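**Q**
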Amino acid sequence: MAASFLIYGANGYVGEAAARLAVAQGLKPILAGRDAAKIGPLAAGLGLEARAFSLADAADADRALRDVQLVLHLAGPYKYTSKPMVDACLRAGAHYLDITGEIPVFEALAARDVEAKARKVMLLPAVGFDVVPTDCLALHLKQRLPSATHLTLAFHSVGRAGLPPGTQRTMIELIPFGERVRRDGRLVVPERGEQARRVDFGQGPVQAVRLTWGDVFTAFHTTGISNIEVYVVLPAAVRRQRLLLEKLRPLFSLAPMRKLLMRGVRPGPSAEARAKTMTHVWGEVADASGRKAAARLHGPEAGLVWTTRAALAVVRKALAGKFSPGFQTPARVYGADLVLECEGVTREDLA
Ligand SMILES: NC(=O)c1ccc[n+]([C@@H]2O[C@H](COP(=O)([O-])OP(=O)(O)OC[C@H]3O[C@@H](n4cnc5c(N)ncnc54)[C@H](OP(=O)(O)O)[C@@H]3O)[C@@H](O)[C@H]2O)c1
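The sequence shown maps to residues 120 to 470 in the numbering used here.
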């Protein structure tokens with residue numbers, strides 16, 4: 120089979136940037152999406168092949184993936200798009216990569232591990248900022264303290280770049296799912312209310328609040344550590360909104376209410392805002408006897424720049440034949456140093 124890879128959702132905010140970066144790196148992805156009028160001109164402009172197909176049409180999807188070795192699936196929210204694409208990849212024998220951070224999607228993918236292994240297909244979600252940097256940091260820390268039982272991760276975006284439009288939509292779709300942490304190996308709903316702690320990302324301690332992030336699912340698979348929490352630094356106004364949303368959660372289990380919130384989705388940040396934004400990641404592990412290890416990563420803007428660099432680092436490795444069939448996590452397949460292959464990323468070990 121030809122070593123070809125296909126980007127689905129290539130006309131999206133992340134999809135187009137990934138297509139452009141792939142070309143800049145000498146790759147020739149097939150650009151795909153559900154709308155020929157959007158995909159065609161983009162592909163023509165980059166000198167690439169275009170394939171338009173709907174995920175709702177299995178026969179169309181089969182035709183589109185007939186000679187494809189790997190799909191980088193960039194169309195979300197994945198709650199709606201992951202299953203039909205995974206089905207198509209399993210039928211075609213193509214590896215499936217996405218950039219989801221949605222825990223219900225991870226659960227659905229993990230449940231297909233045996234099926235994927237039987238077809239020698241890798242199901243590797245979360246190859247974007249969520250979770251490549253944190254997954255790699257978690258494994259790095261586990262390697263420094265193999266007896267670790269607790270993992271705490273945190274990140275801080277410094278600059279004007281806000282969230283990608285797809286991330287805003289996904290966050291709205293995830294409101295009914297609510298919060299999760301990992302305790303004693305199980306995903307549990309934590310106590311209500313805001314949980315805060317101080318984290319030093321390198322410029323002195325700042326207040327960070329707990330959020331539900333992909334690592335509470337994935338880092339367990341990567342490291343075996345059975346207690347995992349993730350924190351983020353948020354502006355005070357956003358923290359107030361989150362507390363309000365928590366109270367109104369039952370209301371937003373109704374799809375029409377979420378649709379109302381979708382009206383507030385903003386376009387992705389400009390190239391200028393992205394260039395002036397940096398992301399800092401911190402992680403700490405602890406074991407039962409109180410020993411600790413901590414480390415930090417520093418890198419570019421998270422939502423698009425770090426995400427596309429991480430996703431394409433994984434694509435290049437998989438196309439070169441390095442893959443593990445079944446449900447996988449990024450650092451489990453590619454190691455703790457995968458993140459250092461993303462341009463502009465540095466790591467520092469703390470005591
Ligand atoms: N891991 C990370 O760190 C990270 C970072 C950024 C984004 N993300 C995730 O990546 C996804 C894309 O984000 P984005 O900002 O690029 O979003 P976007 O600009 O809204 O683009 C979404 C893309 O998905 C396509 N799409 C949506 N629903 C579809 C469906 N049912 N069938 C086929 N195609 C569909 C859209 O096609 P049309 O144009 O035809 O509607 C478009 O191509 C989101 O799920 C987001 O949460 C993850």
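No residue lacks a Cβ here, since even glycine has one placed at the ideal position from N, Cα and C. Computed from a prediction, not measured in an experiment: that's the story for all the values here.
(1) Looking only at DSSP bridge pairs, what is K411 linked to?
(2) Could you give the DSSP three-state label for G285: helix, strand or coil?
(3) List, from N- to C-terminal side, the beta strand (DSSP E) runs of 3 residues or more that fit wholly inside the segment 164-188.
(4) Per DSSP, which residues does A273 bridge with? Please list them.
(5) How many angstroms separate the CA atom of A180 from the CA atom of Q326?
(6) Pick from T253, S201, A211 and L256: whose alpha carbon is nearest that of A229?
(7) Does the distance from the CB of A432 to the CB of E391 come in under 7 Å?
(8) Kindly indicate which residue of A429, A439, L416 and I126 has the alpha-carbon position closest to the one of F274.
(9) Verify the contact flag: F296, CB atom, against every heavy atom of ligand 1, threshold strictly below 6 Å.
(10) What does DSSP give as the partner residues of A143 in its beta bridges?
(11) Determine the DSSP secondary structure at A121, reduced to helix, strand or coil.
(12) Short of 8 Å in beta carbon distance, which residues of its chain neighbour L140, apart from the five on each side in sequence? Order them along the chain.
(13) Touching or not, the segment 222-237 and the segment 442-455, by the rule of three or more beta carbon pairs under 8 Å?
(14) CB of P160 to nearest heavy atom of ligand 1: below 6 Å?
**A** Checking against the coordinates, here is how it stands:
(1) What you label residue 411 is simply residue 292 of the sequence shown in a count that begins at 1. Answer is A405.
(2) As a position in the sequence shown, residue 285 is number 166, starting the count at 1. Helix, per DSSP.
(3) 169-171
(4) For the purposes of this step, residue 273 is taken as residue 154 along the sequence shown, with counting starting at 1. According to DSSP, residue pairing for A273 in a beta bridge involves Y350 and W401.
(5) Looking up residue 180 in the sequence shown gives position 61. Looking up residue 326 in the sequence shown gives position 207. Looking at the two C-alpha atoms, the distance is approximately 46 Å.
(6) Counted from its first residue, the sequence shown places residue 229 at position 110. The option with the nearest alpha carbon to A229 is S201.
(7) On the sequence shown, residue 432 is found 313 positions in, with the first residue counted as 1. On the sequence shown, residue 391 is found 272 positions in, with the first residue counted as 1. Their beta carbons are not under 7 Å apart, which means A432 does not touch E391 by this criterion.
(8) The sequence position of residue 274 within the sequence shown is 155, counting from 1. Nearest option by C-alpha distance: L416.
(9) To locate residue 296, count along the sequence shown from 1; it is residue 177. The answer is no for F296.
(10) The count along the sequence shown starts at 1 and reaches residue 143 at position 24. Answer by DSSP bridge pairing: none, since A143 is not bridged.
(11) Working through the sequence shown from its first residue, we reach residue 121 at position 2. Confidence in A121 is poor, its pLDDT being 44 and thus under 50, which makes the residue's placement too unreliable to answer from.
(12) As a working mapping, residue 140 is identified with position 21 in the sequence shown. If the five residues before and after L140 are omitted, its C-beta is found closer than 8 Å to the C-beta atoms of T427, R428 and L431, all from its own chain and listed in chain order.
(13) With a cut-off of 8 Å, the segment 442-455 and the segment 222-237 count as touching, because enough Cβ pairs lie within range.
(14) For the purposes of this step, residue 160 is taken as the residue at position 41 of the sequence shown. False, no ligand heavy atom lies under 6 Å from that Cβ.
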